[in-house]
Amino acid sequence: MKLNKAWWEHLAPKSMIGRRREVEQLLEDFVRSSDYGREWARVAENPHGVFRLKPGQVIPVVRMIFMGDRPGFISPFRKLMDGHRTVDRKPEYGLGVLGEGELAIQPTISVEVVTDPAYLATAMRGATQIDESTIRSPSLVFSVPAHFLLSPRHYPERAYVLYQHIFGAGASYPDDGSFYVGVSTRSWQKRWSEHRRAIETGSPLLFHRRFREEQEDRRLTYVHHKVMAITDDLEQLYEAEEFLVEGHWDDERRLNMVPGGKSGLRYLRENGLLSKGVVPLPDDRDKILHKWLNDHPRLGLPAPWVAEKWRDNDWAIAQICGRDGRLSVVQVKAIRELAKNHTPEEIYVRIGAKDVDQVKRVLDGKTYARIA
1 MKLNKAWWEH LAPKSMIGRR REVEQLLEDF VRSSDYGREW ARVAENPHGV FRLKPGQVIP
61 VVRMIFMGDR PGFISPFRKL MDGHRTVDRK PEYGLGVLGE GELAIQPTIS VEVVTDPAYL
121 ATAMRGATQI DESTIRSPSL VFSVPAHFLL SPRHYPERAY VLYQHIFGAG ASYPDDGSFY
181 VGVSTRSWQK RWSEHRRAIE TGSPLLFHRR FREEQEDRRL TYVHHKVMAI TDDLEQLYEA
241 EEFLVEGHWD DERRLNMVPG GKSGLRYLRE NGLLSKGVVP LPDDRDKILH KWLNDHPRLG
301 LPAPWVAEKW RDNDWAIAQI CGRDGRLSVV QVKAIRELAK NHTPEEIYVR IGAKDVDQVK
361 RVLDGKTYAR IA
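One point on numbering: in full-length UniProt numbering, the residue at position 174 of the sequence shown is 174, and numbering is uninterrupted.
Have a look at this one:
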């Protein structure tokens, strides 16, 4: 299987870029090895392809591990457990409505590079346990829905990437540690170097503080960079980020300090962190928070805290509908009613939507889900 070179070099950590052909060969061997491998490849190349899973079934993540300079290998597949961490709108994937406890999961490529000497020495001895406090260089994990590398639809220089940085130690490996949801137009190497610089220079942002603390206390054995979505549509990007952050808002592992998407921008404006009319690039929002916290070290972020507001459905709907270019509550309800007898194109003309795609996203349940 061939991975798109431009996207691989844009998304992958620097230490993995030179291993692209090794990753391709491991994938090729896996696909040829079984009927499941061939089915995985078929689904993986489809941008809308998913596996419908119940607890106990195999999660379609191909995990490739490289121990130092040694050839890589595919680790055993994990099975879906109850309580699997995810935020899902539970849409229909062409397979019917998901049943109780079911999840629809995309085929994913995961690559891990282990470089820590203590870790490598333990592996060479065949030991299965290690004193994690002796690890100085955390393992680096990178994962991405496979179709973004196998059949990409966008160009790296014109696209936005929604990602999570996950990190921790012990049983939280590799998906259940503290996490930060972010957005970037830059390559992984450039964006992560900015985060590292902020971490090392004492940034007050919660993400940077927690990472620094875990590192200093030797509770950091892995760092997982997880691509969630790629789009060239800024509106879709903000909607996806907003949904993801809101869905995890009560998770104590979440390190985002403000809501995602346009609700985050509105929060910044309402509380004086951002001037009216200023629309920062997605990459620049951390700088705004950083400056505020440095300028107001005793105040912290402005009250009232947003988590409480998000529990107020009327407030949340006001955030969703109270922006230029967005639909009103009346329009959203009209779209759903008109869909019984009219096409999206006809509805677009009748209710004055921004475009036909805006109508389709409402009907697909991708936007305005809070509005009953």
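For every residue, glycine included, the Cβ atom is placed at its ideal position computed from N, Cα and C.
| Check | Outcome |
| --- | --- |
| Using only alpha-carbon positions, find the residue among L327, L11, V61 and Y163 that is nearest to I105. | V61 |
| Is G56 near L80, with beta carbons less than 8 Å apart? | yes |
| Can you tell me where the beta strand (DSSP E) with Y160 in it begins and where it stops? | Y160 to G168 |
| Take P152 as the anchor and find which of S193, F77, Y163 and K5 has the nearest alpha-carbon. | K5 |
| Please determine, among E45, D283 and I17, the residue with the shortest C-alpha to C-alpha distance to V181. | D283 |
| Classify H165 as buried or exposed, calling it buried when 16 or more other Cβ atoms lie within 10 Å of its own Cβ. | buried |
| Checking the sheet assignment: what are the DSSP bridge partners for P145? | T108 |
| Please name the residue or residues paired with V97 in a DSSP beta bridge. | Beta-bridge pairing links V97 to no other residue. |
| Quick one: give me the first and last residue of the beta strand (DSSP E) that A229 is part of. | Y222 to T231 |
| Can you look up M16 in the DSSP assignment and give me helix, strand or coil? | helix |
| Note the first and the last residue of the continuous beta strand (DSSP E) segment covering M67. | V61 to M67 |
| So, for R212: in the same chain, excluding its five sequence neighbours on each side, which residues have a beta-carbon less than 7 Å away from its beta-carbon? | I199 |
| Does R209 come out as helix, strand or coil in the three-state DSSP assignment? | helix |
| Considering only the beta carbon of each residue, do E112 and L140 sit closer than 8 Å? | yes |
| Within a Cβ cutoff of 7 Å, which residues of the same chain sit near V359, ignoring the five residues on either side of it in sequence? | I335, P344, I347, Y348 and A353 |
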